[in-house]
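Enquirer: For the record, the sequence lines run as chains A and B.
Position one of the first sequence corresponds to residue 1 (the working numbering), numbered consecutively onward.
Position one of the second sequence corresponds to residue 1001 (the working numbering), numbered consecutively onward.
For every residue, glycine included, the Cβ atom is placed at its ideal position computed from N, Cα and C.
None of these values were measured; they are calculated from a predicted model.
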Amino acid sequence: MYKVNVGKKILSANEEYALKNSQLLTEQKKLCLNMISSPGSGKTTILTRTISDLKDKIKIGVIEGDIQTEIDAERIRATKAPAIQINTDGACHLSAAQVNSALENLPISDLDLIFIENVGNLVCPSAFELGESAKIAVLSVAEGDDKPAKYPSIFAKSKAMLINKIDLLKAGVQIDFDIERAKADARKLNKGIEIFPISAKTGEGLAGWYDWLKREVKKLRL
Amino acid sequence: MHETMIAESLLEAISAEAAKQNAKPVNARISCGTLNAINDEVLCFAFEAITKGTLCEGMKLEIEHKPMQGLCKNCNESFKIDLSCLRCTKCGSEDFKLLPDAPLLLEEIEFQTEQ
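So, in structure tokens, the structure goes:
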């Protein structure tokens, strides 16, 4: 028996594509946000509402990741924004190579901002860099306020966090969700994380999220 | 479940090195950081399943978890992060900076010597 020192990154193939994506986005000065959450947190609703509300200010395109179906891309296209659907056929996350081919099929030069809606899963997508400008963690109040403590990886890596469906907290529904606890747990590992409690349904809190998006897009134009 | 894709990449990397060495790999040691969120049992199961019928069949995986480190802004010491108790282990301060997490690395492969 003999040993060989390798010292190689195991996900280097994914990282090469992530680097290509990142170079393309940087050259073209496009903001690209990778949205990560559990299934059903409201990512697609947040995106359709954001696209419609900002249509005169920011031009948005979307890369949709799902295990199956074109349902989400069709919801995005109904807003007139371009959307590319990726079906992962069982895989629990998007890979940088998949995003690379989707970017080739989006009219990037006409866009300011590209959202990647990752496969609904709080763990796996956080382990695969896609070449995005930043990750955004999305959490909905029905999931419980302990998620940042239980799934630290995604909250530690995200630039911003959306706490969605806050309208449920006021609707007389029995949900024990302490927004301050979720915020404090997310900030323990990530002091600078921007946090926006929102309701994509009623529109509450969205102004802060929109201002942040406008600022981030503007930073790239300078 | 991301362990499945990691197992596939691992198989590719080990197979490439085995072709260079022209020898049968027996053990491999990998290392990962906390944020790679690797579950040992799931990774070993996935690796065992996808290596069936390949040169890597029957290989043993050794997985080393490198703890996340924090740098305390109060006492300026670095310390191991305990996710269940997020404070400096030396002075107890909660004011610290997270240091970059360890990457997922294939560290070493052990090969069988030709008989």
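DSSP on B/Arg1087, reduced to helix/strand/coil?
Expert: B/Arg1087 falls in the coil class under three-state DSSP.
Enquirer: Measuring only from the beta carbon, is A/Gly208 closer than 7 Å to any heavy atom that is part of the ligand ADP?
Expert: No copy of the ligand ADP occurs in the structure displayed, which carries no ligand at all.
Enquirer: What does A/Ile10 reach in chain B if we use C-beta pairs closer than 7 Å?
Expert: Per Cβ cutoff of 7 Å: Ile1006, Ser1009, Leu1010, Ala1013, Ile1030, Leu1104, Leu1105, Leu1106.
Enquirer: Considering A/Gly7, what are the terminal residues of the beta strand (DSSP E) in which it resides?
Expert: Its beta strand (DSSP E) spans residues 2-9.
Enquirer: Which bits of chain A does B/Thr1113 rub up against, with CB to CB less than 8 Å?
Expert: Correct list: Met1, Tyr2.
Enquirer: Is the CB of B/Val1042 under 8 Å away from at least one CB in chain A?
Expert: No, B/Val1042 lies away from the interface with chain A (no Cβ there is under 8 Å from its Cβ).
Enquirer: Considering only residues of the region 127-157 of chain A, which uninterrupted alpha helix (DSSP H) runs meet the minimum length of 4 residues and lie entirely inside it, listed in chain order?
Expert: Entirely contained in the region 127-157 of chain A, the alpha helix (DSSP H) runs reaching 4 residues are, in chain order, 147-150, 152-157.
Enquirer: Sorted by chain position, which residues of the same chain lie with C-beta nearer than 8 Å to A/Gly90's C-beta, five sequence neighbours on each side aside?
Expert: Around A/Gly90: Ile67.
Enquirer: Just to check my reading of the structure: A/Ala18 and A/Ala96 have Cβ atoms closer than 8 Å, yes? What is that Cβ distance to the nearest angstrom?
Expert: Right, the Cβ-Cβ distance comes to about 4 Å (below 8 Å), so this counts as a contact.
Enquirer: Which of the three DSSP states, helix, strand or coil, is assigned to A/Ser95?
Expert: In the structure shown, A/Ser95 sits in coil (DSSP, three-state: anything other than H, G, I, E or B).
Enquirer: Given a cut-off of 8 Å, decide if A/Ala186 and A/Ile179 are closer than it, judged by their beta-carbon atoms.
Expert: Contact flag unset, no.
Enquirer: Which residue comes first and which comes last in the beta strand (DSSP E) that contains A/Ile63?
Expert: Run containing A/Ile63: 60-66, per the beta strand (DSSP E) assignment.
Enquirer: Sort A/Ile58, A/Ser101, A/Met161 by Cα distance to A/Lys20 and report the nearest one.
Expert: Out of A/Ile58, A/Ser101, A/Met161, A/Ser101 has the C-alpha closest to the C-alpha of A/Lys20.
Enquirer: Specify the secondary structure class of B/Ile1112 as computed by DSSP and reduced to three states.
Expert: For the record, residue 1112 of chain B in the displayed sequence is Gln; it is not Ile. DSSP places B/Gln1112 in coil when its eight states are reduced to three.
Enquirer: Just how far apart, CA to CA, sit B/Ala1046 and A/Arg75?
Expert: Cα to Cα, B/Ala1046 sits roughly 35 Å from A/Arg75.
Enquirer: Residues of chain A with CB closer than 9 Å to the CB of B/Ile1109, please, in chain order.
Expert: Under the 9 Å cutoff, chain A gives Lys3, Val4, Asn5, Val6.
Enquirer: State the Cα-Cα distance for the pair A/Glu64 and B/Gly1092, rounded to the nearest angstrom.
Expert: One C-alpha to the other measures close to 44 Å.
Enquirer: Is B/Pro1117 helix, strand or coil when you go by DSSP?
Expert: Any answer about residue 1117 of chain B is impossible in this case: the structure gives chain B only from 1001 up to 1115.
Enquirer: Mind checking the region 1016-1027 of chain B against chain A and listing, in chain order, the residues whose C-beta falls within less than 7 Å of any C-beta there?
Expert: Within the region 1016-1027 of chain B, the qualifying residues are Glu1017, Gln1021, Val1026.
Enquirer: Find the nearest neighbour of A/Ile195 within the set A/Ala182, A/Lys214, A/Ser12, judged by alpha-carbon distance.
Expert: The option with the nearest alpha carbon to A/Ile195 is A/Ala182.
Enquirer: Could you give the C-beta distance for A/Val6 and B/Ile1109, rounded to a whole number, given that I count them as a contact under 8 Å?
Expert: Indeed they touch by this definition, with Cβ atoms about 6 Å apart.
Enquirer: Could you tell me which of A/Phe177, A/Ala171, A/Ala127 sits nearest to A/Ser158, measuring between CA atoms?
Expert: Measuring from the Cα of A/Ser158, the nearest candidate turns out to be A/Ala127.
Enquirer: Spatial neighbours of A/Thr45 within its chain, please: CB distance less than 6 Å, with the 5 preceding and 5 following residues excluded, ordered by chain position.
Expert: Once the five neighbours on either side are set aside, the close Cβ partners of A/Thr45 are Ala200.
Enquirer: Counting only the same chain and skipping the five closest in sequence on each side, list residues whose C-beta sits under 8 Å from that of B/Glu1057.
Expert: Here the set comprises Thr1051.
Enquirer: How far does the alpha helix (DSSP H) with A/Asn105 in it extend, from its first residue to its last?
Expert: Run containing A/Asn105: none; DSSP gives neither H nor E here.
Enquirer: When DSSP labels each residue in this structure, what does A/Ser109 get in the three-state scheme?
Expert: Correct three-state label for A/Ser109: helix.
Enquirer: Are the region 109-124 of chain A and the region 159-166 of chain A touching, with three or more C-beta to C-beta distances below 8 Å?
Expert: No, they do not touch.
Enquirer: Of all the residues that make up the region 80-113 of chain A, which are near chain B by a beta-carbon distance shorter than 8 Å?
Expert: Those would be Ala91, Cys92, His93, Ser95, in chain order.
Enquirer: Does the region 1029-1039 of chain B come into contact with the region 201-214 of chain A, if we say contact requires no fewer than three beta-carbon pairs (one atom in each stretch) closer than 8 Å?
Expert: Judged by Cβ distances under 8 Å, the region 1029-1039 of chain B makes no contact with the region 201-214 of chain A, as fewer than three pairs qualify.
Enquirer: Per the DSSP calculation, A/Arg215 is bridged to which residue(s)?
Expert: The partner list for A/Arg215 (beta bridge, DSSP) is empty, contrary to what the question assumes.
Enquirer: From A/Ile116, A/Lys59, A/Ile136, pick the residue whose C-alpha is nearest to that of A/Ala86; which is it?
Expert: The residue you asked about is not Ala; residue 86 of chain A is Ile in the sequence shown. Considering only alpha carbons, the answer is A/Ile116.
Enquirer: Which same chain residues, not among the five before or five after B/Gln1021, have their C-beta less than 6 Å away from its C-beta?
Expert: Counting only Cβ-Cβ distances below 6 Å, and skipping sequence neighbours, we find Phe1111.
Enquirer: Any chance you could list the beta strand (DSSP E) runs of at least 3 consecutive residues sitting entirely within the region 26-83 of chain A, in chain order?
Expert: You should have 31-37, 60-66.
Enquirer: Check whether the region 28-46 of chain A and the region 105-116 of chain A touch, using three or more Cβ-Cβ pairs below 8 Å as the test.
Expert: With the cut-off at 8 Å, the region 28-46 of chain A and the region 105-116 of chain A touch.
Enquirer: Is B/Asn1074 close to chain A, meaning its C-beta is less than 8 Å from at least one C-beta of that chain?
Expert: Chain A, which has no Cβ nearer than 8 Å to the Cβ of B/Asn1074, makes this no.
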